[in-house]
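Peer 1: So the mapping is simple: the numbering used here equals the position in the sequence shown, first residue as 1, plus 11.
Positions of the beta carbon are idealized from the N, C-alpha and C atoms, including for glycine.
If you're wondering where the values come from, they're calculated on a predicted model, not measured in any experiment.
The structure that follows is given in the form of structure tokens.
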Amino acid sequence: MLTETNNSSFLSSPAFHQVNLALLLIASICFYTESTKLVFLALSCVGIIAEMLSVLEEILRSRRVVFEPCVCWLALIYLMFTTYGVLFPRYGDYNWDAMIFNCASGIAVYFSLCGIARSSKGLEGLFTTLSFVALSVLIVIAAREYSFFGSSTRLGDSLSGNVNTAGRSLGGLSVFLAFWVMRKGSIGSVTLFSAVCVAILLTGSKGALVFIAADLILIQRMAKSKALANLALIGMIALACLLVFGTPQLYNVLGERLEDAFYQIFGIGPGHYSRSTDSRSGMIKEGLTAFLDYPLFGGGERYFASISSYGYAYSHCNYVELLCNYGIVGLTIFYAPCLYLFFVALRDSFNGNVFAKVIVASLAAFFVADWTTVTYSSIVMTYFPVLVAFVFVRLYRPNRTSESTGVTRTDKVEACL
């Protein structure tokens, strides 16, 4: 549905798409709560409608519709979710309207990313927008949870979902901010990235730590001096450990939880019984056992919730949830395109495409984090690494020439950076 031609229309201008992307992501991260649902709907609807108008204008102008794999993937998985939810519900009610709205939001985010990426300053525009989104999220947290500082509670409970969702949302942004720090190295980018990392730690989300690990690995891989980068990496890890285990607030919200997790999983350290770690591991085992009841197509929407003895409506693991509810077929439909995108980006990262490095890092963190949270029914921000990867394959594959411009996409990447 999109071509790579340049035009002067307001609806196709990079700034127009940047605003839409910012509205969609900020709404997803900050306002999907009971008390702010109207704000969420207002911001999201503006972004969705604006992007759909841009797509419609382009179709009318070019008089053709281009096949978009990302749109097909989103339509397919949400059709699967909705079909199961309406015809094969096993527990509670299926929020079909919220899921369809999430599908529309995901499609709008993808088209806004494409609109930004096609401009001559595409990647700079993308990272400028993500920096604005990250700063906005930090401001919202500070405004809502100013009494948090100095307490022993976890940060981010006022955002969409819960503290773990907040940690993952900030983590998804942090990988791209880490890339931008290594490309620009400005004081502003370093400060913002550092603030986001501190906020991730303060959420107390163990699963979100995988994004910080991806940040550090990405920084090391992009550094010109590997020896200096390794030394800096060790220093940052040591500083993080000192902060987490040496400061009362971070220890209360994260350090103690990490000790408990190590004790539960490996039997080492000063930890004690942790209901969080124990119940999560128990739900994974229970879910994998239940999956064998209906291995091919699954037991139906929220099948895990209907059989679980832990009292939760979901398994806290996307792989288990998909296997229980939709079987091997559903798991394959969801993850097969994601794995394809990962291996394409991994290969291209070895062929000199610098942007491929951040795609590899963000998708790797996405795959690992899915062991600790249910992604498929979550906010659109959890899909963000995959949506950016689709744009990468669409526009920034190396040594591929645009049919409409005759310019190689490797040249476009280097021009943007």
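Of the choices F403, A400, A380, L406, whose alpha-carbon is the least far from that of A177?
Peer 2: Looking up residue 177 in the sequence shown gives position 166. Nearest C-alpha to A177: A380.
Peer 1: Go through its chain and collect everything with a Cβ distance to I390's Cβ below 8 Å, but skip five positions before and after it.
Peer 2: Your numbering for residue 390 matches position 379 in the sequence shown. Result list for I390: S39, I40, Y43, N113, S171, G172, T176, S180, in chain order.
Peer 1: Between the Cα of S30 and those of S55, V66, A153, spot the shortest distance and give me the residue it belongs to.
Peer 2: Taking the sequence shown and counting its residues from 1, one reaches residue 30 at position 19. Looking at the sequence shown, residue 30 is not Ser but Val. Comparing Cα positions, the closest option is S55.
Peer 1: Look at L203 and L146 and say whether their C-beta atoms are less than 8 Å apart.
Peer 2: Residue 203 sits at position 192 when you count from the first residue of the sequence shown. Residue 146 sits at position 135 when you count from the first residue of the sequence shown. Yes, they are a contact pair.
Peer 1: Closest to F403 by C-alpha separation, out of L36, F122, L35, A347, would be which residue?
Peer 2: Sequence index remark: in the sequence shown, residue 403 carries index 392 (1-based). Of the listed residues, the one whose Cα sits closest to F403 is F122.
Peer 1: By how many angstroms is the C-alpha of T300 removed from the C-alpha of L137?
Peer 2: Your numbering for residue 137 matches position 126 in the sequence shown. Your numbering for residue 300 matches position 289 in the sequence shown. Each residue's Cα considered, the two are about 43 Å apart.
Peer 1: Taking the straight line between their C-alpha atoms, what separation do you get for F21 and G298?
Peer 2: Within the sequence shown, residue 21 is the residue found at index 10, counting from 1. Within the sequence shown, residue 298 is the residue found at index 287, counting from 1. Their backbone Cα atoms lie some 50 Å apart in a straight line.
Peer 1: Just to confirm the assignment: which complete alpha helix (DSSP H) runs, minimum length 4, are found wholly within the stretch 62 to 109?
Peer 2: Taking only runs of at least 4 residues, the alpha helix (DSSP H) segments lying wholly in the stretch 62 to 109 are 80 to 98.
Peer 1: Along the chain, where does the alpha helix (DSSP H) that runs through A324 open and close?
Peer 2: As a working mapping, residue 324 is identified with position 313 in the sequence shown. Careful: A324 lies outside any alpha helix (DSSP H) and carries neither H nor E.
Peer 1: Quick check: the Cα distance between D304 and T343, rounded to an integer number of angstroms?
Peer 2: Numbered from 1 along the sequence shown, position 293 holds the residue referred to as residue 304. Numbered from 1 along the sequence shown, position 332 holds the residue referred to as residue 343. When rounded, the distance between both Cα atoms is 18 Å.
Peer 1: Taking 7 Å as the limit between beta carbons, can you name the residues of its chain near R405, skipping five residues before and five after?
Peer 2: Mapped onto the sequence shown, residue 405 falls at position 394. Cβ neighbours of R405 beyond the five flanking positions: C125.
Peer 1: Measuring CB to CB, does V331 end up less than 8 Å from F354?
Peer 2: The count along the sequence shown starts at 1 and reaches residue 331 at position 320. The count along the sequence shown starts at 1 and reaches residue 354 at position 343. For V331 and F354, no; Cβs fall outside 8 Å.
Peer 1: Bridge partners of E270, per DSSP?
Peer 2: If you number the sequence shown from 1, residue 270 lands on position 259. BP columns for E270 are empty, so no partner.
Peer 1: In whole angstroms, give me the CA-to-CA distance for S24 and T47.
Peer 2: In the sequence shown, residue 24 corresponds to position 13, counting from 1. In the sequence shown, residue 47 corresponds to position 36, counting from 1. Each residue's Cα considered, the two are about 30 Å apart.
Peer 1: Give, in chain order, every unbroken run of the alpha helix (DSSP H) that is at least 4 residues long and sits entirely within the stretch 309 to 376.
Peer 2: Whole alpha helix (DSSP H) segments, 4+ residues: 314 to 318, 329 to 361.
Peer 1: Among the candidates G246, P259, D168, whose CA atom is the shortest distance from the CA of S216?
Peer 2: The count along the sequence shown starts at 1 and reaches residue 216 at position 205. Out of G246, P259, D168, D168 has the C-alpha closest to the C-alpha of S216.
Peer 1: For E45, does the count of other Cβ atoms within 10 angstroms reach 16, so buried, or fall short, so exposed?
Peer 2: Locating residue 45 in the sequence shown gives position 34, counting from the first residue. E45 is exposed by the Cβ-count criterion.
Peer 1: Let me know if M208 comes out buried or exposed under the rule of 16 or more other beta-carbons within 10 Å of its beta-carbon.
Peer 2: Within the sequence shown, the letter at position 197 stands for residue 208. The sequence given here places Cys at residue 208; Met does not occur at that position. Buried.
Peer 1: Is the Cβ-Cβ distance between V120 and L253 less than 8 Å?
Peer 2: Looking up residue 120 in the sequence shown gives position 109. Looking up residue 253 in the sequence shown gives position 242. It is not a contact, given that the beta carbons lie outside the stated cut-off.
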